[in-house]
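2 protein chains.
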Amino acid sequence: MLDREFFLGFIKIHILYHASKESIFGTEIAQELARHGYSISPGTLYPTLHRLEKAGYLKSSSQVVEGKVRKYYLATSAGKRVLEQSKKKIRELVTEVIEER
Amino acid sequence: MLDREFFLGFIKIHILYHASKESIFGTEIAQELARHGYSISPGTLYPTLHRLEKAGYLKSSSQVVEGKVRKYYLATSAGKRVLEQSKKKIRELVTEVIEER
DNA sequence: CTACCGATATTGCGATACGATATTGTATTC
DNA sequence: GAATACAATATCGTATCGCAATATCGGTAG
Numbered sequence: 533m534l535d536r537e538f539f540l541g542f543i544k545i546h547i548l549y550h551a552s553k554e555s556i557f558g559t560e561i562a563q564e565l566a567r568h569g570y571s572i573s574p575g576t577l578y579p580t581l582h583r584l585e586k587a588g589y590l591k592s593s594s595q596v597v598e599g600k601v602r603k604y605y606l607a608t609s610a611g612k613r614v615l616e617q618s619k620k621k622i623r624e625l626v627t628e629v630i631e632e633r
Numbered sequence: 533m534l535d536r537e538f539f540l541g542f543i544k545i546h547i548l549y550h551a552s553k554e555s556i557f558g559t560e561i562a563q564e565l566a567r568h569g570y571s572i573s574p575g576t577l578y579p580t581l582h583r584l585e586k587a588g589y590l591k592s593s594s595q596v597v598e599g600k601v602r603k604y605y606l607a608t609s610a611g612k613r614v615l616e617q618s619k620k621k622i623r624e625l626v627t628e629v630i631e632e633r
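The listed protein sequences correspond, in order, to chains A and B. Numbering follows the working numbering, with no gaps: position 37 of the first sequence is 569. Numbering follows the working numbering, with no gaps: position 82 of the second sequence is 614.
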């Protein structure tokens with residue numbers, strides 16, 4: 533599936549978006565994405581979260597919930613800034629590709 | 533720049549879109565993308581075009597223009613189909629991430 | 001202290017990204 | 001008609017990413 537190349541960025545924007553609204557953790561965001569018709573495997577998801585954190589877009593904090601350790605991620609201000617940039621790009625894409633300006 | 537991961541898919545959708553409207557060739561699409569604030573180097577562009585063709589989304593034909601060989605690409609019906617899928621995904625992304633449904 | 005379980009982490013390999021460099025093919029000049 | 005010039009495409013080498021499969025972690029219950 534080459535198509536995937538087209539949408540992987542969308543998934544990352546989704547992640548950033550959700551993390552800007554509330555704390556999220558890996559398994560949860562995977563399910564959330566699945567609800568939107570995307571799939572992401574742990575071998576892609578976790579390295580991605582790590583990268584986003586390393587880039588300063590997300591900040592993590594571990595919490596124990598029902599005896600299980602979860603790593604909650606929240607968007608930083610830098611992350612929110614990138615999200616806004618992304619929104620702008622999405623709007624441009626809509627104007628160019630969908631609205632047939 | 534991690535941000536790039538976010539937008540590479542956008543670039544590919546752009547390419548598919550333009551190739552669905554009219555024949556395009558590499559250097560031209562690179563300039564067109566630059567006009568939209570994207571940059572893509574030849575080391576990324578040409579392999580991408582090759583992949584899109586191999587996947588059956590684009591079809592190429594060589595032409596000589598002003599003494600230079602150009603390889604024009606046009607979207608196939610499969611390519612247009614993927615483009616429509618992409619548009620749908622973009623609309624979903626807008627609904628979810630921008631319109632704050 | 002062992003077994004269990006949700007969740008996160010890592011591994012191995014194929015594929016992609018990309019700057020730098022090389023190649024191609026035609027026209028022009030002499 | 002050989003050499004030169006040039007736009008355009010192609011490839012190379014290295015770093016990084018994608019991902020399915022597998023391993024590991026940390027806490028709780030028995």
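All C-beta atoms in this analysis are idealised placements derived from N, C-alpha and C, irrespective of residue type, glycine included.
Ranked by how close their Cα comes to the Cα of P574/B, the residues L534/B, T559/B, A607/B have T559/B in first place.
Secondary structure at S573/A: coil, using DSSP grouped into helix, strand and coil. Taking 7 Å as the cut-off between beta carbons, the residues of the region 547 to 561 of chain A near chain B are Y549, in sequence order. Annotated three-state conformation of S618/A is helix, per DSSP.
Within the same chain, I547, H550 come within 7 Å of I561/B by CB-CB distance, once the 5 residues on both sides are set aside.
At a Cβ-Cβ threshold of 8 Å, L565/B and I572/B count as neighbours. Between the beta-carbon of G611/A and that of L577/A there is about 17 Å, and that puts the pair past the 8 Å contact cut. When the five nearest sequence neighbours on each side are left out, the beta carbons in the same chain lying within less than 6 Å of the beta carbon of S593/A are those of Y604, in order along the chain. V596/B does not reach chain A, its nearest Cβ partner there being about 30 Å away, counting only Cβ pairs nearer than 9 Å.
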